[in-house]
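Data first, discussion second: the structure below is written as structure tokens.
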Amino acid sequence: MYDLPSENPEEPGLPDEFHDFQPDLLKKTCQSPHYLREDYFVASDLNLYYDRENPRWYKRPDWFLVLGARRSTNQQELRLSYVIWEEEVNPFLVVELSSPGTENEDLGKTKRKQETRPTKWEVYEDILQIPYYLIYDRYENRFRGFVWRSGKYEALELSEGRLWLEELGLGVGLWQGSYEGVEGRWLRFYDSQGNWIPTPDERADREEMEKERECQEKERERTRANLEKERADRAESDLQKLRDRLLQLGVDPNSLP
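Residues in the sequence shown are numbered from 4 upward in steps of one, following my numbering.
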């Protein structure tokens with residue numbers, strides 16, 4: 004089921020399940036404290052047109068983020084593609100999900116043939132000069148990152164599997180856990196305290212658990228209060244019985260010390 008041919012000779016095949024789940028997790032946890040949600044744009048498997056002189060040339064990043072590009076809120080205005088010369092804002096971050104068939108291209112190891120369109124690496128590094136380029140290989144659990152400095156990409160040290168992005172106010176890192184019922188290591192965003200940003204479903208689950216804990220605590224408080232009242236009532240009843248017995252014996256309870 005791997006690398007089956009596509010009707011489009013330029014495409015190796017359709018995205019697999021991982022290429023559906025992983026971009027979705029990135030999108031749902033990309034919640035920047037520095038930007039309103041409508042002031043940045045995220046996309047996955049969307050054509051990125053980069054050359055006005057060659058308008059049919061495009062790359063299709065697995066996931067990318069553009070700061071300052073407004074998010075469409077009207078269904079009819081949702082983007083069909085991302086056209087650089089119309090948007091006038093380049094991506095800030097690109098993530099490629101590497102596989103054995105795409106690794107060389109993702110890492111810039113393939114060379115452009117004469118008079119053909121640029122490679123993916125050339126587009127990201129030379130033409131668009133995208134500040135951050137991340138590559139994740141789920142087969143080897145290898146997370147690599149590059150930052151654009153002085154006209155070229157420099158490899159980043161990601162031995163701890165995390166990268167902080169100051170402009171975004173978020174970091175990207177490898178998280179071990181289950182997403183959509185699938186256990187593994189996933190890329191997702193974290194906050195300035197190092198906490199993983201929850202997805203809407205995770206947040207809802209946590210809120211539900213918190214409500215349940217609050218209800219349980221209130222129930223425990225009511226139980227404690229009822230027990231205290233029962234003990235107090237029993238003590239009062241026992242005291243009254245003692246007074247009654249003393250009166251039967253001709254002893255005034257009030258005269259006792």
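Ideal Cβ placement from N, Cα and C applies to all residues, glycine included.
By the Cβ neighbour-count rule, residue 32 is buried, with 16 or more other Cβ atoms within 10 Å of its own. Of the residues 26, 252, 257, 256, the one whose Cα lies closest to the Cα of residue 138 is 26. Taken in chain order, the unbroken stretches of beta strand (DSSP E) that lie wholly in the stretch 57-106 and span 3 residues or more are 66-70, 96-101. About 6 Å separates the Cβ atoms of residue 150 and residue 159, confirming a contact at the 8 Å cut-off.
Secondary structure note for residue 240: its alpha helix (DSSP H) is the uninterrupted segment 203-251. Linking residue 204 to residue 87 through their CA atoms gives a straight-line distance of about 33 Å. Look at residue 200 here: in three-state DSSP terms it is coil, with no helix or strand label. With contacts defined as CB atoms closer than 8 Å, residue 133 and residue 103 fail to qualify as a contacting pair. Here residue 67 is near residue 46, since their CB atoms are less than 8 Å apart. If you check the CB distance, residue 35 and residue 172 come in under 8 Å.
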